[in-house]
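Just below is one structure, and these are the notes that go with it.
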Amino acid sequence: MSLIAEFHLRDSRLPLSDTIAAAPQATIEVDRMMIVDRDHLAIICWVEAASFEMFETALEKDETVVTHSILEASPEQRHYHIQLEKPMLLPLKVAFDEFGAVPGGTIILNGQWNSRAYFPNRDTLRQFRNACHEYGVSFQLKSLYEPKSKSDDLSGLTSKQRETLEIAYKHGYFDIPRQMTLDDLSEQLGISKPSVSKRLRRAQQYVIGNAVNGDSI
Numbered sequence: 004m005s006l007i008a009e010f011h012l013r014d015s016r017l018p019l020s021d022t023i024a025a026a027p028q029a030t031i032e033v034d035r036m037m038i039v040d041r042d043h044l045a046i047i048c049w050v051e052a053a054s055f056e057m058f059e060t061a062l063e064k065d066e067t068v069v070t071h072s073i074l075e076a077s078p079e080q081r082h083y084h085i086q087l088e089k090p091m092l093l094p095l096k097v098a099f100d101e102f103g104a105v106p107g108g109t110i111i112l113n114g115q116w117n118s119r120a121y122f123p124n125r126d127t128l129r130q131f132r133n134a135c136h137e138y139g140v141s142f143q144l145k146s147l148y149e150p151k152s153k154s155d156d157l158s159g160l161t162s163k164q165r166e167t168l169e170i171a172y173k174h175g176y177f178d179i180p181r182q183m184t185l186d187d188l189s190e191q192l193g194i195s196k197p198s199v200s201k202r203l204r205r206a207q208q209y210v211i212g213n214a215v216n217g218d219s220i
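Per my numbering, numbering of the sequence shown is gapless, rising by one per residue and ending at 220.
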């Protein structure tokens with residue numbers, strides 16, 4: 004049976020560790036991680052920071068960062084594309100994909116990767132944990148849950164959240180590769196990209212929270 008795991012990863016060699024150390028007030032919410040080639044990994048993320056100037060200066064000084072660009076900006080947050088060279092996380096990303104795991108969200112805060120993911124079974128979760136240990140990465144499991152049935156109540160979603168999820172799903176926003184971009188979704192809904200992103204994140208948070216029961220396995 005598939006499982007949902009919430010876990011923490013910590014290691015000074017994890018991507019953007021130097022950036023976070025130099026700009027500790029920043030919070031990074033990872034949208035996607037993509038393997039570019041065997042030496043490069045790209046991260047699409049939203050960042051909230053007291054000083055974006057400090058954060059971007061830290062990015063420029065981070066030796067693992069090859070390039071970074073701003074995809075979208077507002078006074079409160081910025082959307083970045085960051086390409087990393089030979090990141091230590093790359094083999095773990097490969098292992099994660101090979102084990103059939105599906106990401107459910109990652110927030111980088113205070114040098115720690117706080118992640119949620121779906122695993123096909125306990126064995127694949129154990130294999131991923133062992134892969135982390137093999138590369139010297141601290142893996143701390145916080146919660147482990149079984150998904151609920153499909154008939155669970157989703158009435159807690161607002162009509163706008165449900166509409167956004169339905170359009171995103173039907174038009175391939177969650178496909179790999181994506182068939183619909185955030186720009187497309189923003190244009191179809193008639194709202195800004197930051198607003199779409201926030202609405203999606205809140206809807207996904209509710210759906211994922213509703214998909215798990217309150218009892219750890």
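In this text, a Cβ means the ideal position worked out from N, Cα and C, and glycines have one as well. Note that the coordinates shown come from a computational prediction; the quantities given were computed from them, not determined experimentally.
Host alpha helix (DSSP H) of residue i (start-end)
| i | result |
| --- | --- |
| Lys-89 | No alpha helix (DSSP H) holds Lys-89; DSSP gives it neither H nor E. |
| Ser-189 | 185-192 |
| His-136 | 125-137 |
| Phe-55 | 55-64 |
| Thr-22 | 20-25 |
| Leu-74 | First-last for Leu-74: 68-76, but that is the beta strand (DSSP E), not the alpha helix (DSSP H). |
| Ile-47 | Segment 43-51 is the beta strand (DSSP E) holding Ile-47; no alpha helix (DSSP H) there. |
| Leu-168 | 162-173 |
Beta-carbon proximity check, residue i vs residue j, cutoff 8 Å
| i | j | result |
| --- | --- | --- |
| Leu-95 | His-82 | no |
| Pro-18 | Leu-92 | yes |
| Trp-116 | Leu-12 | yes |
| Val-39 | Gln-86 | yes |
| Thr-22 | Ala-61 | yes |
| Ile-179 | Gly-107 | no |
| Phe-99 | Leu-6 | no |
| Asp-42 | Glu-88 | yes |
| Ile-111 | His-84 | no |
Residue i - containing beta strand (DSSP E), residue span
| i | result |
| --- | --- |
| Ser-146 | 141-148 |
| Tyr-121 | 115-122 |
| Arg-35 | 30-40 |
| Arg-13 | 6-13 |
| Pro-106 | 105-112 |
Cβ distance (whole Å) where residue i is taken to contact residue j below 8 Å
| i | j | result |
| --- | --- | --- |
| Ala-120 | Ala-25 | About 28 Å; that fails the 8 Å criterion. |
| Glu-149 | Met-4 | 6 Å |
| Ile-196 | Asp-187 | Here the sequence assigns Lys to residue 196, which means Ile is not the residue at that position. 10 Å between Cβ atoms; not a contact. |
| Phe-102 | Thr-67 | The pair is not a contact, with the Cβ atoms about 24 Å apart (cut-off 8 Å). |
| Phe-10 | Leu-144 | 5 Å |
Heavy atom of the ligand MG within 7 Å of residue i beta-carbon
| i | result |
| --- | --- |
| Leu-12 | The ligand MG is absent from the structure shown, which contains no ligand whatsoever. |
- Task: Decide if the segment 21-37 is in contact with the segment 129-141; the criterion is three or more beta carbon pairs, one per stretch, under 8 Å apart.
- Result: No, they do not touch.
- Message: With three or more C-beta pairs closer than 8 Å as the rule, is the segment 158-176 touching the segment 134-146?
- Response: Not touching, per the Cβ criterion.
- Specify whether the segment 159-166 and the segment 193-209 touch according to this definition: at least 3 beta carbon pairs, one from each stretch, less than 8 Å apart. With the cut-off at 8 Å, the segment 159-166 and the segment 193-209 touch.
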